[in-house]
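Visitor: Could you have a look at this structure, given as structure tokens, before my questions?
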Amino acid sequence: MSKLDNIPVRHQPTEAAGRKRTNPLAHVFDELVKFCQSRSMFMLHYCTGCGAIELPPAMTSRFDMERLGIQPMVTPRQADILLITGYVSIKTLKRIILTYEQMQSPKYVIGICSCTVNGGMYWQSYATAKVLKDYLPVDVYIAGCMPRPEAVISGMRELMSDIKSGRAQNWKRYYENYDHYLGNQQKLFGEDWQTPTDIIAEARHYGLMTDRTLGEHTALLEKHQRPLEALEMRLSAREKQKT
Amino acid sequence: MSKDLNIWLDDLLGDIENIQFKRKSSRRVRVDVGSEALPALLELLQGRASYVHLSAISCVDWIEDEEFELVYHVWSYETRSLVSAHTRIPREPGVYLSIYDLYQPAAFFERDIHEMFGVFFEGSPDMEKFILTEWDGPPPMRKEFDSEAFVNQHFEWEQYHPQWLKDLEEEGGGVTTRPEDIRL
Amino acid sequence: MNLSELLIELLLMPLVAFVIGLGMVLMMRKIAARLGRRIGPPLLQPIYDIIKLYGKRTQISHGLIHEIGIIMAVGGYVAAETLLPVPGMNGLADKGGVITLAYVMMIPSLGMALGVGQCANPNGSIGISRALTAMLAYDIPFILVIFGAAYVYGTTNLADIIAIQQQQGVSGWGLMQMPLLALAGMLALPAVMGKQPFEIYIAPAEIATGPMVEMSGKFMGGLFVMQCFQLYTAGVLYTTLFLGGGAYWITFLPKIYAVVAIPMAAAMLFPRYRTEDVIRLMWKWPVLVGLMGLAVAMK
Amino acid sequence: MTPLDQLLLLSALTVVVPLFTGNRRITGPLATLLYTGQGLLLLRMAGLGYGSETPVSSAVSLQVLGLELHWRFDALSWFFALITIGAGLLSSWFASGEWAQRYRDSGSSLRLFHAALALNVFTMLVLLASGELLSLFIGWELVSWASFLMMSLGSNTALRYAMRYVTYAFAGAMAVLMGLVLVYTRTGSFEFQAFRDAVPSMDADTVWLLFGLFAAGFGVKMALLPFHLWQAKAYAETPGPGAAFLGAISSRMGLFAMIVVLVQIIGVARLVELPVPFTFLSGRDLLAWVAVFTIIFPTFTALRQHDARRLLAWHGIGQGGYMLLGILIADDLGSAGGLMHVFNHATYQAVLFMSVTAVIHRTGTSDLNKLGGLVARMPLSFLAMLIGIIGLAGLPPMNGFVSKWLVYRALILEGSPLLFLGAVIGTLGTILSVYKLIHNTFLGQLRLEHVDIEEAPSSMLWPMMILSTVVFVTGYFPGLVLDWIASVQAAVGLPVLAHHLGGVHIDKGGLDMIWVVSVLLAGFGVGALVFLSGNRSKRVHQLDNYAGGHFLTADTRYQYSDNFYPGLMHLIGPWYRKSFRWLEGGFVSTVDTVSQLMQGLYRHTHPAFYLLAVVVFALSWVMGGD
Amino acid sequence: MRPENYQARSQPPSNEFELNFGPNHPGIEGNYAFRVKLNGDQVLEARADAGYLHRGFEKLMEGRLWIQNIALVPRICVPDPVPMEVCYSLAIEEIGGLEVPERAKWIRVMQLEMSRLAAHLFAFGGHAATTGMYTTMFWGVADRDLILDRFEELTGGRVYSIYNIPGGVRRDVPEGFLDRLSSLLDYLESRLPDYDNLFFTNQVFVKRARGVGAMTQEQALKWGVTGPNLRATGLEFDVRRDDPYLVYDQLDFEIPTESGGDALARNLVRRAELKQSIRILRQVIERLPSIEGPIRCPIPNPLAWNVPAGEAYTRVESSKGELAYYVVSTGGDKPYRVHVRGPSSMHAVQVLEKLALGARLEDIAQIMFSLDACPPEVDR
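Chains as they are written, first to last, in my numbering: chain C, 1 to 243; chain L, 1001 to 1184; chain Z, 2001 to 2299; chain U, 3001 to 3626; chain P, 4001 to 4380.
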């Protein structure tokens, strides 16, 4: 497993990602979108662990996160925030990665509870993954076992200010350093690990490729798998032969 | 009423050979029985003494004795007492009979024990993996499986050693005496 | 009216509808929050949500029909708004009339159904199946009410209907002229707007939000925009048929907001009905009341 | 020879040519060419469709038992003939390419198929051209036999239902014949004019009897309730293009005859005066209610089908109700709606059958549980079906909406809330079931065995695309069809609809489809702009899908298809089982018994029967020609 | 997931389709999965799929000191953690022969009943949310939060209190706590009619829940159903009364039952138990000040405590049903074996699978939530 030190901690714009925008209106527009992103966060309804028990209080009458524009959403397609509420068993981690890859960027991961940092009190358990950020880029950690609703909300607010100021760019790291994350996943789940989402194609599509996106692990992936290509419409068999 | 029944139960169990029988309290009875007689005993308890509720099947791995101990906790809603029937089976090959025909909840416990200890129950409806579907290692609850060693071998740790922790250590804070050094 | 004025109206009407619809969405969420003893979202929350959804960097699509479906869903309502006269703007009211409007309002449902179908997710398909069944349930009283109104006013042109009602002041309102039909319309309204207890088609706990299951980014944003239009259309149509439409925005706005607020307030106090119970309920009370209303109105 | 004679002669030639060219590949294109010729000849009579009052008569007439049989074309005939020849042309085009090859390879006789199709067209033209009641009856019989021939080309199931049809048709023909006898005893003539003159003097009982006999007799062909049970399965099992043709126009012959007798001759006004004993209803109301139930029941039966062709065939029955309902309203709007629906229905029903046939051609099945996701592989067939279902469901911007709008508007003007409600229930049921159709065939999960299939061949695509264009264009500019409708109304004696290119203008709420469709398209444009304002999207594989956070695998069936509307079925399912099924069961068993008997008779002789009919007709043609 | 799972294999040409309930699904409680095969909306086959929350508690406990495990056990059931601590402590006390002071017993009862109240409020709030009745959920969770405040005051922790230790409880009741608890009970009692109007007697809900997931008493006994779910079938059984622990034999309370055995009956039983828990708490508030004495018995240095060899099987009534611990000691400083028998291990697996069979898609979530299944008890 490659060391985390090799990975830039804060996002540094790369050439592919940082298109120069000369239009001043575009800048205003970007700021508007960023502001709205910070004020409208849909979090995924996925109770991965016991910390999820403090989310209903945070969402309901007493603390009411909807004040801040935070709403629970059901499927990963609609959600912006993936809350990892506590320990992740290996079986769950696979689902979390699937879910994370199905979410739409910009997307943010919040590690709630101490277990997401270093395994927490289950450090000697054979069934839980220990360091969440080896597998997914985590934006905010909220410590505690389990953190109170106030702590959850303050963590959310921190994420909000990060989004507003444009610092919360960790989702790009997943595309840009996919090889690193995939390597860690492969180490845990076996070399023929594959998710249905084709992250490499997505990075290519949205111009998020860097020289760290591809590497030995993605090569292994491409060797094992036939990436799931979209079922494009086609009129005749000739096009099929072309591709 | 329930007292009488308990006495009756004592008589009943006293009649059966090959079992040791110990009353721990008014509502707890421990029975030690050979593995070949256990199904018969449970059948008797269920049929004659209304022990219809299988509370749990516990498995204990006595690795030094090369044996698994299976404990069947059955409860009677009428006598309001719990019989724990202990039996031992050899660790190898670790095969035993299912009591699913008597108690349907046994299916879950037997499946669980099969998964965690590797004891196979013949006649159980479903011995497929349930909780550990994505686990390739040995049955983890066996004593020879060392979870900590497994973890150290497979996972790495986030290095977290900030200055304040170092300062604290220099001051001698935190637990310095190891537990094994201060045994009473 | 000359063509250029008309074109300006046609551009303005959907825009106005969207803005008012945003307010209705906000009102809906506020009502839900107040009933749940919460504070609720801030004033501009609906627009934040929509901008955020459109501003997503990556968006997945399941194919061309998925995209066309959303375009139809939004576009159908955009077209429908031009058939709905509002104060100062008649749009195309005389070109289609209320029957056309009722059918144009089905285009977005069809578009959404196609888009969701392409997603290859049974959750979405079940949602659509339920939504269409619910449409079958509520459209019968709804169409009955439209029939009654059109018959009583003697025209299907919504602009004429408004004019007829306004000639006689409040006593000329449909509500006064045909109270039973107005009641039937009000009973069917929560179902038209797709709120509890008639929202089984999105039931998250059963089918994980049904049609929205694979919608992301601008697709979801399209649905949010569509929801604004949906609430607006239902409110304005009811106001036009029974509350005398509006001569001025100052009287018109309170009316349409009130029409939307009443079902919303009730909605948060009910769980959802099963699909067949929705049909049973819709085919029983609103239809019964509506038929009685018709009998009275047609004498 | 008048243009009509030329037309009929060419049409007869079209029957004969396939018999000679046989199973060769040329048969299809040749037949298509001949249909084109027929179409051109028909266009020579286009004046009929644009207000020319004088009918084109045939030079041929026959003397049988002292009665003169003669043939002529008026606007009504021309309108129906246009649809017939159009349907025949496109069906045979559809059947001339790869489909024919497959059909031939499967051991079926292409010769017989094309001959049967041409025979259908020919007999229909003869029926449409009939100039008095007797020739109407002869034409009627010929059409029955021709469509029987077509149906019996299909599988054994089709034959069984065709037999059932023959039983019905026989009973219906008997009823019509009795009606004719009755008319003859009263008037001493089979001429329309004589009959029309005699109607005012007839007493109510006689008119009732005539009304009942003709309505029942012609209702069989139209598959009006309760004579509807033969049609769906018989049509569904007919070979694809044949089903498209039959579904488009065949059963409308019943409507044609009904218009001729009930509207043109007896007159709807007379029907209104006929009270149904012990009720508030009049004869017209009775028939209107039959029409409404014909809309509702078959539509909801269609909802339960899981075979695409049967689903469509059931809808074909249901849509007939709208036409009859519209015509029975008998004002300018309603009758225009009913007549226009004949045209509209023919266009979209043919598209739908063709699209389903294209799917069968590629996948080998029309079982809605075994399809899905084909839009990625057959996008143009999907487009055709989409346009077809929007038309069938009667939503803007397709032509089905216009005709239904006219019917609804007329019902509002007339003040018939319950008929209106029935019609709307039918429309809503149609929306439900057509969505099921398109969802289960083209949307959803693409099955593994269909991953490598291709789009339908161009010989199939062209007719579908042409028809789709017609469906859309006549929806955009309904005035194109309304012109013909107005002539028909004038010819039949109904009030003539004042219309313009975009629709109708009424003071109290008209319809201008040009505006409505334009604004709808503009709305889609705005929708597209709004959509495109988001970032671009990326297509993903169908396995990259939400499954409760679970991994989807290729061997999972992740497609919702069977029992598509369970909520509705929980409510109305028991009705099917109890009342409806019971009724149907009783009816079917009776008819089946009779048809068993008839089958025994025809099994030995039915090829001879149609031969006989053809020969008799041909002989009479030749003899009368001189 | 392996690549071969994405390669083309045969697809069943049938009318059935599969639907995954969970792990990421609001119709499932917690991180748990349920895979159903359906035709239309009818369930043809249902399979539970657990293990998403598996941490190997029983293995972990074998590697930790007796006292360390106190911190571990409440994590086994998050919504209702207190019975876990109490049950584990009871087992150690039985093996070690510790005599728990009377006051500690009363405090434990108080804590257990508070936890039951909180858990029930959470449970039917969740059930309401599955039927689209979010207002009830908002109210229920908010009211539960007030109980958590009292927990925080008493123990220092909102959810996991880690307050019970073998031999008693960690600290005494703070001053004025009982008054505040009493006023909280008053408040909760005043809220009950609101809940009734909003939820339990709401005709739409009654219509939805009646007959859903119904089981007879025979079935319930055969399948090993316990707790409120068993009482909803009409059997008046409660571990608190029939196998009493702590001081439940000195308390006066009823055991509510219902006869329907369906989702509605299960909810009504919980609703009635709220009332009984309030009643028990009032008795505790009344009696506790009069019971003087220590709050725990002396135990050796917990970091080097060798519990004598022995075994014990202790049961308590948690809000979900019968909770039992089987603890074996060989005289070491760590348990030799701990087996947790969570009530949900029956409810969430076999009972759910059986009840879901033939049920309708609309009802699966309702069945799961009405059984109040707690997946971590299954996974451990």
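We put the CB at the ideal spot given by N, CA and C, even for glycine.
From residue 2033/Z to residue 4123/P, what distance separates their C-alpha atoms?
Guide: Position 33 of the third sequence, counted from the first residue, corresponds to residue 2033/Z. Position 123 of the fifth sequence, counted from the first residue, corresponds to residue 4123/P. Those two C-alpha atoms are separated by around 21 Å.
Visitor: How would you call residue 3145/U, buried or exposed, if buried means at least 16 neighbouring beta carbons within 10 angstroms?
Guide: In the fourth sequence, residue 3145/U corresponds to position 145, counting from 1. Result: buried.
Visitor: Relative to chain U, which residues along the segment 4334 to 4347 of chain P have a C-beta separation below 8 Å, given in chain order?
Guide: none
Visitor: Is the separation between the beta-carbon of residue 3140/U and that of residue 3257/U shorter than 8 Å?
Guide: As a working mapping, residue 3140/U is identified with position 140 in the fourth sequence. As a working mapping, residue 3257/U is identified with position 257 in the fourth sequence. Against a cut-off of 8 Å, the Cβ pair of residue 3257/U and residue 3140/U comes out as a contact.
Visitor: Are the beta-carbon atoms of residue 2141/Z and residue 2188/Z separated by less than 8 Å?
Guide: On the third sequence, position 141 is the one that residue 2141/Z refers to. On the third sequence, position 188 is the one that residue 2188/Z refers to. Closer than 8 Å, so yes.
Visitor: Keeping to the same chain, check which residues put their C-beta closer than 8 Å to that of residue 2095/Z; ignore five residues upstream and five downstream.
Guide: In the third sequence, residue 2095/Z corresponds to position 95, counting from 1. Cβ within range, chain order: 2083.
Visitor: Since residue 3210/U and residue 3182/U are thought to touch, with beta carbons under 8 Å apart, how far apart are those beta carbons, to the nearest angstrom?
Guide: On the fourth sequence, residue 3210/U is found 210 positions in, with the first residue counted as 1. On the fourth sequence, residue 3182/U is found 182 positions in, with the first residue counted as 1. Contact flag correct, Cβ pair sits at about 6 Å.
Visitor: Evaluate the contact criterion for the segment 3524 to 3534 of chain U versus the segment 207 to 223 of chain C: three or more CB pairs, one atom per stretch, below 8 Å.
Guide: no
Visitor: Relative to the C-alpha of residue 4205/P, which residue among 4252/P, 4261/P, 4136/P, 4214/P is closest?
Guide: The residue labelled residue 4205/P in the question sits at position 205 within the fifth sequence. Measuring from the Cα of residue 4205/P, the nearest candidate turns out to be 4136/P.
Visitor: When you compare each of 97/C, 173/C, 135/C, 149/C to residue 61/C by their alpha carbons, which one comes out closest?
Guide: Numbered from 1 along the first sequence, position 61 holds the residue referred to as residue 61/C. When only C-alpha atoms are compared, the closest one is 149/C.
Visitor: Check the C-beta distance from residue 81/C over to residue 116/C and give it rounded, since I have them as a contact under 8 Å.
Guide: Within the first sequence, the letter at position 81 stands for residue 81/C. Within the first sequence, the letter at position 116 stands for residue 116/C. Not a contact, Cβ separation roughly 14 Å.
Visitor: Please list, in chain order, the residues of the segment 2209 to 2223 of chain Z that have any C-beta partner in chain C closer than 9 Å.
Guide: 2209, 2212, 2213, 2214, 2215, 2216, 2217, 2219, 2220
Visitor: Which value, in whole angstroms, describes the spacing of the CA atoms of residue 195/C and residue 4025/P?
Guide: Within the first sequence, residue 195/C is the residue found at index 195, counting from 1. Within the fifth sequence, residue 4025/P is the residue found at index 25, counting from 1. Computed Cα separation, rounded: 19 Å.
Visitor: Give the range of the alpha helix (DSSP H) segment to which residue 2302/Z is assigned.
Guide: What is shown of chain Z runs 2001 to 2299, which leaves residue 2302/Z out entirely.
Visitor: Quick check: the Cα distance between residue 4346/P and residue 4357/P, rounded to an integer number of angstroms?
Guide: Mapped onto the fifth sequence, residue 4346/P falls at position 346. Mapped onto the fifth sequence, residue 4357/P falls at position 357. Near 16 Å, if we compare the C-alpha coordinates of residue 4357/P and residue 4346/P.
Visitor: Going along chain P, which residues have a C-beta under 7 Å from residue 3562/U?
Guide: For this step, residue 3562/U is matched to residue 562 along the fourth sequence. Neighbours of residue 3562/U on chain P, chain order: 4015, 4039, 4040.
Visitor: Anyone know if the C-beta pair for residue 3346/U and residue 3249/U falls short of 8 Å?
Guide: Walking along the fourth sequence from the start, residue 3346/U turns up at place 346. Walking along the fourth sequence from the start, residue 3249/U turns up at place 249. Contact: yes.
Visitor: Along chain L, which residues have their Cβ under 8 Å away from the Cβ of residue 4324/P?
Guide: Numbered from its first residue, the fifth sequence carries residue 4324/P at position 324. Within chain L, the residues 1055, 1056, 1073 have their CB atoms less than 8 Å from the CB of residue 4324/P, given in chain order.
Visitor: Is residue 3370/U close to chain Z, meaning its C-beta is less than 8 Å from at least one C-beta of that chain?
Guide: Taking the first residue of the fourth sequence as 1, we reach residue 3370/U at position 370. Interface with chain Z (8 Å Cβ-Cβ cutoff): residue 3370/U is excluded.
Visitor: Residues in its own chain within less than 6 Å of residue 3409/U by CB, not counting five upstream and five downstream?
Guide: On the fourth sequence, position 409 is the one that residue 3409/U refers to. Within the same chain, residue 3409/U has close Cβ partners 3333.
Visitor: Measuring alpha carbon to alpha carbon, tell me which residue in 4319/P, 4323/P, 4332/P, 4280/P is nearest residue 4305/P.
Guide: Residue mapping note: residue 4305/P aligns to position 305 of the fifth sequence, counting from 1. It is 4332/P.
Visitor: State the DSSP-derived secondary structure class of residue 72/C, mapped to helix, strand or coil.
Guide: Taking the first sequence and counting its residues from 1, one reaches residue 72/C at position 72. When secondary structure is reduced to three states using DSSP, residue 72/C falls in the strand class.
Visitor: Going by DSSP in three states, residue 4325/P sits in which element: helix, strand or coil?
Guide: Along the fifth sequence, read from residue 1 onward, the residue named residue 4325/P stands at position 325. The answer is strand: DSSP assigns residue 4325/P an E or B state.
Visitor: Should residue 3203/U be flagged as near chain Z, meaning a C-beta pair shorter than 8 Å?
Guide: Here residue 3203/U refers to the residue found at position 203 of the fourth sequence. No, residue 3203/U lies away from the interface with chain Z (no Cβ there is under 8 Å from its Cβ).
Visitor: Count the other CB atoms, across all protein chains shown, that sit within 10 Å of the CB of residue 1157/L; report buried if there are 16 or more and exposed otherwise.
Guide: On the second sequence, residue 1157/L is found 157 positions in, with the first residue counted as 1. When all chains shown are included, residue 1157/L counts as exposed.
Visitor: Using a Cβ-Cβ cut-off of 8 Å, state whether residue 4023/P counts as contacting chain U.
Guide: Reading the fifth sequence from its first residue, position 23 is the one you call residue 4023/P. With 8 Å as the cut-off, residue 4023/P counts as an interface residue toward chain U.
Visitor: Among 3058/U, 3589/U, 3016/U, 3022/U, whose alpha-carbon lies nearest the alpha-carbon of residue 3003/U?
Guide: Stepping through the fourth sequence from its first residue, residue 3003/U is reached at position 3. Checking every option, the nearest Cα to that of residue 3003/U belongs to 3058/U.
Visitor: Evaluate the contact criterion for the segment 3028 to 3039 of chain U versus the segment 3104 to 3121 of chain U: three or more CB pairs, one atom per stretch, below 8 Å.
Guide: yes
Visitor: In chain order, which continuous runs of the alpha helix (DSSP H) of length 4 or greater are located wholly inside the segment 3447 to 3472 of chain U?
Guide: none
Visitor: If you draw a straight line from the alpha carbon of residue 2273/Z to that of residue 2209/Z, how long is it in whole angstroms?
Guide: Your numbering for residue 2273/Z matches position 273 in the third sequence. Your numbering for residue 2209/Z matches position 209 in the third sequence. Each residue's alpha carbon lies about 15 Å from the other.
Visitor: If you measure beta-carbon to beta-carbon, which residues of the segment 4110 to 4129 of chain P are closer than 7 Å to chain C?
Guide: Against chain C - using a Cβ distance shorter than 7 Å - the segment 4110 to 4129 of chain P contributes no residues.
Visitor: For residue 1150/L, return the contacting residues in chain B, with the cut-off set at a CB-CB distance below 8 Å.
Guide: Among the chains of the structure shown, chain B does not appear; the protein chains present are C, L, Z, U and P.
Visitor: So which residues on chain P does residue 1140/L lean against when the C-beta distance must stay under 8 Å?
Guide: Counting from 1 along the second sequence, the entry for residue 1140/L is found at position 140. Within 8 Å Cβ-Cβ: 4056, 4059.
Visitor: Just checking: is the beta-carbon of residue 3420/U within a distance shorter than 8 Å of some beta-carbon in chain Z?
Guide: Start at 1 with the first residue of the fourth sequence, and residue 3420/U comes out as number 420. Yes, residue 3420/U lies at the interface with chain Z (some Cβ there is under 8 Å from its Cβ).
Visitor: Is it the case that the Cβ atoms of residue 3265/U and residue 3196/U are separated by a distance below 8 Å?
Guide: As a working mapping, residue 3265/U is identified with position 265 in the fourth sequence. As a working mapping, residue 3196/U is identified with position 196 in the fourth sequence. Yes, they are a contact pair.
Visitor: Near residue 3405/U, which residues of its chain fall below 7 Å by C-beta distance, leaving aside the five closest residues on each side in sequence?
Guide: The count along the fourth sequence starts at 1 and reaches residue 3405/U at position 405. Closer than 7 Å at Cβ, skipping near neighbours: 3511.
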